[in-house]
Structure formats: C-alpha cells, structure tokens
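Here the structure comes first, spelled out in structure tokens, and everything after it is commentary.
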Amino acid sequence: MTECIFCKIIEGTIPSVKIYEDENVFAFMDIMPVTKGHVLLIPKTHRENVYDLTEEEAAHLFSVAPKIANALKDEFKPAGLNLLQNNGAPAGQAVFHFHLHFIPRYDETDGFRPTFETKESESSTERIQEIAAQIRAKLEN
Ligand code: AMP
Ligand code: ZN
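Per my numbering, the sequence shown starts with residue 215, numbered consecutively.
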C-alpha cells in the first residue's frame, strides 16, 4: 500500500478533480489553488522529483504541458502563466511525487508572488563563468 497521496489519486483511492489523463500522465486541479485554474501534472509512475524522471518520462510529460497551457489560456485568458516545479523541502516541495504546477496569472495582486532577488556575490562575470564551467564538466561526464 502506497503512502503517496498522488499515487492514491492516480489509483482513485482518494478523490481528485481530473482534467486530463493518458497512459503515462495525470492532470488534476490543485486542492488549494493559488489562482483560478491552478492545475498539477504528474507522471503515473511514482517519481519523487526531477532527479528521478527518465528522459522518456520527462519528454512525454512536457509534451502534454502545451496542451494544458493552451486550454488554460483559451478558457481563462490569463495575462500570464507560471510553470513551477519544486524539488526538495527547502525548495518548497510538500508532496514527494513529481508534479508540475500550472498557475495562470491575472495581475500582480492575484495572490502569487514569486520573487527573484539577485545574489550579488554570484553575479560577477568571472563567477558566472566559473559556475558554468563546473556545470559543463558534469554534463560532459
Ligand atoms: P508542492 O509544494 O510543490 O509540493 O505542491 C504540492 C501541491 O499539492 C500544493 O499546491 C497542494 O495544494 C497540492 N495538493 C496537496 N494535496 C492535494 C490533493 N489531495 N489534491 C490536489 N492537490 C493537492
Ligand atoms: Zn506517488
């Protein structure tokens, strides 16, 4: 018996408000919507977060993202749309089954306030080059 609430949603043992389903993914309404139309898209296979997705799972899941985004755009005519995906508790992950948030944006006071503050100690050209070299070296492994 899984303890994962999103696995239970897929199994149908706890209720959800489904908007889309195929062989590999399931999309449903967030129970605590940040804005009108807040949707979650998840893989049917239990994967804790982005580190655990296979390339095929990620490719399929993201192939469904424009479909959902366009349905939200056509129906609700939001001014914008945030796709958000949290990995690990310090990043804000509360449910440990990979999920991609779709958060339609209506205006600056719609309740969602992501902030990007520049970390000065990371922002020199030399530092950015140094960090990029570390990442590239890992990707080449
Ligand atoms: P995160 O903080 O990225 O892990 O987001 C978890 C999201 O799951 C939150 O936005 C919750 O409102 C949502 N959530 C938790 N339980 C349920 C549920 N039973 N049905 C739908 N959404 C849920
Ligand atoms: Zn799960």
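Glycine residues also receive a C-beta, built at the ideal position from the N, C-alpha and C atoms. For clarity, every value in this text was computed on a predicted model and none was experimentally measured.
- In this structure, 300 is the residue among 338, 271, 300, 250 with its C-alpha nearest to the C-alpha of residue 313.
- Relative to the ligand AMP, the nearest heavy atom lies less than 8 Å away from the CB of residue 242.
- Remark: the shortest separation between the CB of residue 274 and any heavy atom of the ligand AMP does not fall under 8 Å.
- Less than 9 Å separates the beta-carbon of residue 326 from that of residue 317.
- Straight-line measurement puts the Cα of residue 272 at about 20 Å from the Cα of residue 232.
- When 335, 296, 292 are compared, the shortest CA-CA separation from residue 279 is found for 296.
- With a threshold of 8 Å, the Cβ atom of residue 298 counts as near the ligand AMP, since some heavy atom of the ligand is closer than that.
- Ranked by how close their Cα comes to the Cα of residue 256, the residues 351, 333, 274 have 274 in first place.
- A distance below 8 Å between beta-carbons, with the five flanking residues on each side excluded, links residue 258 to the following residues of its chain, in chain order: 224, 237, 238, 239, 240.
- DSSP lists 319 as the bridge partner or partners of residue 294.
- Residue environment for residue 253: buried (at least 16 other C-beta atoms within 10 angstroms of its C-beta).
- Separation of the CB atoms of residue 311 and residue 262 is rounded to 7 Å, and the pair is thereby assigned contact status at 8 Å.
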